[in-house]
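Okay, structure first, notes after.
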Amino acid sequence: MNYLPNIIFAIALFLGIGYFAKNVKKLIRNIKLGQPKDVNDNKSQRWKNMAMIALGQSKMVKRPVSGFFHIIVYVGFVIINIEVLEIIIDGLFGTHRIGLKVLPESLYGFLIGSFEVLAALVFIAVVIFWIRRNIIKIKRFMSSEMKGWPKNDGNFILYFEMVLMTLFLVMNATDSSFQDLGSGNIISQYIAPMFSSLSESTLHLIERGAWWLHILGILVFLNYLYFSKHLHILLAFPNTYYGKLTPKGQFENNDTVTKEVMLMMDPDADPFAAPAEGETEEAPAKFGASDVQDLSWVNLMNAYTCTECGRCTSQCPANLTGKKLSPRKIMMDTRDRLEEVGKNIDKNKGVFVDDGKQLLNDYITKEELWACTTCNACVEACPVSIDPLNIIMQMRSYLVMEESAAPMELNNMMTNIENNGAPWPYNQMDRLNWKDE
Amino acid sequence: MSEQLIVPTMAEFMAEGKEPDILFWVGSAGSYDDRAKKITKAFVKILNKAQVNFAVLGSEESSTGDVAKRAGNEFLFQMQAVTNIEILNAYNIKRIVTCDPHSFNCLKNEYPGLGGNYEVIHHTQFINQLIDSGKLKTGNTNFNGKRITFHDPCYLGRANKVYDSPRNVLSNLNANLVEMKRSRSTALCCGAGGAQMFKEPEQGDLDINILRTQDALETKPDIIATACPYCNTMMTDGVKGKEKENEVAVMDIAELIASAQGL
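Chain order of the listed sequences is S and E. For the first sequence, our numbering gives the first residue as 730, with consecutive numbering after it. For the second sequence, our numbering gives the first residue as 3, with consecutive numbering after it.
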């Protein structure tokens, strides 16, 4: 017997999965560059959120048109991938359609039939997505941050899916023994006549070609994920699980600041006291964030999860009125900088060597940060529980608390609060004057 | 002014050895801003009419620190919060009502972590409760048939999911409530949040309050109802910018109810 195809298949599978695993490890390492954040509370609510938002696509359908087609692609992707199991077994053991041998013919026909229907629907949905991006040119896909790679990336994913679905259907259409079964070929029976003039051997060659290209395509696509916005198909699940549970308006209180404030307010505290025995002097904490390592690991996972759909930006009041701020760009910048930091670490044997760059200014400008109204429209709009506002706020904190770099009017406002307990220069003693006016 | 507002302070209650049922947190805008003061007074008229046993802190109140926090000054925020919490706890405050969604959000969500635990209610929720419990009677009003559109404040709506109370209150006016295209969870910000109230906007091609006013004017309203002093300012400016101030009024829900009550 000739084992060459089996060996080639095993090697391809090993390489494909191995390289992917290597990149997943890198992904996890990069996410862990973020600050620790305890998000292990309220597990039942977290599972529920994941089930509703990621598995159930509850936020996708807030926009019914794209939501509907996305669900087709999503369901298609998940279900058609059951077929990959058969392909892998066939590939490794040299069998042909092992499913037919272990499953009743009617069940097998039903399964493949539903895959075929889904494949056709996915193909149509993906074509519609392509038209939305390239012909209708929907506004949120045309923003300035969507030029170059992000635009190409979006289209590459669609081409990948078109090709994979086509190969799957062609593979079935040219499999004459499968066609002879007469069950399960719901779609491919209409493709089969296109190949009817070909000889048995040519047909077999095309079937084998489609089979091989299909599985190799899947392996290539798997490895494309890491380099693409398409990572959301995996990260949407942990990201919705670890999403914010507190009210959207609740911004975290900084614990380091609390310690300092409490010390200041404590009349018994001695500000010049030496640290107690055994207590080590802590490194002075940096307030807020100016680079990706200052952000929490959840912020960084958010950045890798972002699929650049732009629903956030299309709801952002600052962006809608022509300001530079785009919540999507905040997420893309965070991811791009994190990738840069990760590559720096790879290059320098596991340690980050200062490259004179940071997220602030080199990627995200002050002008963008100060344009935010903290209205939470972006957070509400995100279909996978990304929180761009949290990053914006940490960076604002850095600007104000580390660099005293707030716009002048805001400095005046804060001075007023410090001096007289109101953002305007009025005397606190006059707070109740309105009563008699 | 002819009508006498009854506004007792916590210090007065304390001196008499009594406690009010609820503290009215006036907030900085409600205390000093000329437009917002009218909202404060309208709400006090409602409290007086419904014979609510309330008090204010008066000169013992200070900025919640909310706007400092949104501007990025966590230190100033926490200083303000801890100082306010000391006073609130010293007076044994349990319940707080406020007309400002920013104070509402800050007191409700950000004070507990610093030792301030209170039941915090927005004035639209409180008025809704007064109506439901029969303490405030509604009937035929001077708003019969008027077109009213409600602008959701971000820090009441999206931030805390309070969408229904303001609408329930408005439904008592027998007016014609019309929703904007962007409402409830997708409502557009008025442009004042995140400390924008206190600075010039960044370079752009439109001011946010103008865009939001366009949303409101599309509903052809007689009245734009607000539930936040900052939104009120932004929408009032927006309506003036569109030169519609003679046709469209911008009023807080407290003012609408007070007016409907003939107060």
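We put the CB at the ideal spot given by N, CA and C, even for glycine.
State the start and end residues of the unbroken beta strand (DSSP E) segment that holds residue i.
i, result
"Trp27 (chain E)", "24-27"
"Asp254 (chain E)", "251-254"
"Glu121 (chain E)", "121-124"
"Ile98 (chain E)", "97-100"
"Phe152 (chain E)", "149-152"
"Thr228 (chain E)", "225-228"
Of the residues the options, which one's Cα is nearest the Cα of residue i?
i, options, result
"Asn1162 (chain S)", "E:Glu245, E:Tyr34, E:Ala177", "E:Tyr34"
"Thr215 (chain E)", "E:Asp154, E:Ala38, E:Gly118, E:Ala44", "E:Asp154"
"Phe26 (chain E)", "E:Arg37, E:Ile95, E:Gln6", "E:Ile95"
"Leu948 (chain S)", "S:Tyr1155, S:Gly747, S:Leu910", "S:Gly747"
"Pro231 (chain E)", "E:Lys71, E:Asn75, E:Ala194, E:Glu63", "E:Ala194"
"Tyr1252 (chain S)", "S:Phe743, S:Ser912, S:Gly820, S:Lys755", "With chain S running from 730 to 1166 in the structure shown, residue 1252 (chain S) is simply not present."
"His125 (chain E)", "E:Asn119, E:Glu112, E:Ile89, E:Leu49", "E:Leu49"
"Asn248 (chain E)", "E:Leu213, E:Leu208, E:Ile226", "E:Ile226"
"Thr66 (chain E)", "E:Val54, E:Met81, E:Thr238", "E:Met81"
"Ile210 (chain E)", "S:Asp1023, S:Lys1078, S:Tyr1155, S:Thr1050", "S:Thr1050"
"Phe897 (chain S)", "S:Glu812, S:Glu874, S:Ala965, S:Lys866", "S:Glu812"
"Leu829 (chain S)", "S:Phe1081, S:Met779, S:Gly913", "S:Gly913"
"Ala1151 (chain S)", "E:Phe79, E:Val46, E:Asp23, E:Ser167", "E:Phe79"
"Thr677 (chain S)", "E:Val99, E:Ile89, E:Asn111", "No answer is possible for residue 677 (chain S): it lies beyond the span of chain S, which begins at 730 and ends at 1166."
"Met900 (chain S)", "S:Ile867, S:Ile944, S:Ile800, S:Ile857", "S:Ile944"
"Glu1068 (chain S)", "S:Ala1100, S:Gln908, S:Gly763", "S:Gly763"
"Ala189 (chain E)", "S:Cys1107, S:Glu1037, S:Thr985", "S:Cys1107"
"Ala741 (chain S)", "S:Phe907, S:Pro833, S:Leu942, S:Pro765", "S:Leu942"
"Ala262 (chain E)", "E:Ala38, E:Cys233, E:Leu172, E:Phe106", "E:Leu172"
"Phe711 (chain S)", "S:Phe798, S:Ile962, S:Val790", "Here chain S covers residues 730 to 1166 and nothing more, so residue 711 (chain S) does not appear."
"Leu1088 (chain S)", "S:Val1113, S:Lys1076, S:Gln1123, S:Cys1104", "S:Gln1123"
May I ask which residues mark the beginning and end of the alpha helix (DSSP H) holding residue i?
i, result
"Thr215 (chain E)", "210-219"
"Arg184 (chain E)", "Segment: none, Arg184 (chain E) is in no alpha helix (DSSP H) and carries neither H nor E."
"Phe1081 (chain S)", "No alpha helix (DSSP H) holds Phe1081 (chain S); DSSP gives it neither H nor E."
"Ile89 (chain E)", "76-92"
"Thr985 (chain S)", "984-994"
"Trp859 (chain S)", "834-863"
"Cys59 (chain E)", "Note that residue 59 (chain E) is Leu in the sequence shown, not Cys. It is not in any alpha helix (DSSP H) - Leu59 (chain E) carries neither H nor E in the DSSP assignment."
"Pro1152 (chain S)", "That residue, Pro1152 (chain S), is in no alpha helix (DSSP H); it is neither H nor E in DSSP."
"Arg869 (chain S)", "No alpha helix (DSSP H) contains Arg869 (chain S), which DSSP labels as neither H nor E."
"Arg72 (chain E)", "68-72"
"Tyr953 (chain S)", "929-953"
"Val1021 (chain S)", "Run containing Val1021 (chain S): none; DSSP gives neither H nor E here."
Leaving aside the five residues before and after residue i along the sequence, list all residues of the same chain whose C-beta is less than 8 Å from its C-beta, in chain order.
i, result
"Lys183 (chain E)", "Asp217, Glu220"
"Gly147 (chain E)", "Asn176, Ala177, Asn178"
"Ala848 (chain S)", "Gly805, Ile809, Met894, Phe897, Leu898, Ile916"
"Gly978 (chain S)", "Asn1105"
Looking only at its own chain, which residues have a Cβ that is under 6 Å from the Cβ of residue i, when we skip the five neighbours before and after it?
i, result
"Ser4 (chain E)", "In this prediction, Ser4 (chain E) scores a pLDDT of 47, lower than 50, which makes its location untrustworthy; the coordinate-derived value is nonetheless stated afterwards. Closer than 6 Å at Cβ, skipping near neighbours: no residue."
"Leu59 (chain E)", "Met12"
In or out: residue i buried (at least 16 other Cβ within 10 Å) or exposed?
i, result
"Thr1102 (chain S)", "buried"
"Ser64 (chain E)", "buried"
"Ile1059 (chain S)", "buried"
"Leu927 (chain S)", "exposed"
"Gln774 (chain S)", "exposed"
"Gly877 (chain S)", "exposed"
"Gln1044 (chain S)", "buried"
"Arg160 (chain E)", "buried"
"Thr235 (chain E)", "buried"
"Thr228 (chain E)", "buried"
"Pro1168 (chain S)", "As displayed, chain S neither begins before 730 nor continues past 1166, which places residue 1168 (chain S) out of reach and without an answer."
"Ser906 (chain S)", "exposed"
"Ile737 (chain S)", "exposed"
"Phe852 (chain S)", "buried"
"Arg1040 (chain S)", "buried"
"Pro833 (chain S)", "exposed"
Is residue i near the ligand GTP, going by C-beta to nearest heavy atom under 7 Å?
i, result
"Asn914 (chain S)", "Ligands are entirely absent from the displayed structure, and the ligand GTP is therefore not among its contents."
Given residue i, which residues of its chain have a CB within under 7 Å of its CB, disregarding the five upstream and five downstream residues?
i, result
"Ala998 (chain S)", "Leu992"
"Thr1042 (chain S)", "Arg869, Ser872, Asn1048, Ser1055, Pro1056, Arg1057"
"Gly1085 (chain S)", "none"
TODO: Could you tell me whether the region 812-819 of chain S touches the region 861-870 of chain S, using the rule of 3 or more Cβ pairs below 8 Å?
DONE: no
TODO: Could you tell me whether the region 1017-1024 of chain S touches the region 1124-1135 of chain S, using the rule of 3 or more Cβ pairs below 8 Å?
DONE: yes
- [ ] Answer yes if the region 869-888 of chain S comes into contact with the region 955-964 of chain S, meaning at least three C-beta pairs across the two stretches below 8 Å, and no otherwise.
- [x] yes
Open item on the list: Would you call the region 1028-1045 of chain S in contact with the region 1086-1094 of chain S, where contact means no fewer than 3 C-beta pairs closer than 8 Å?
Closed with: no
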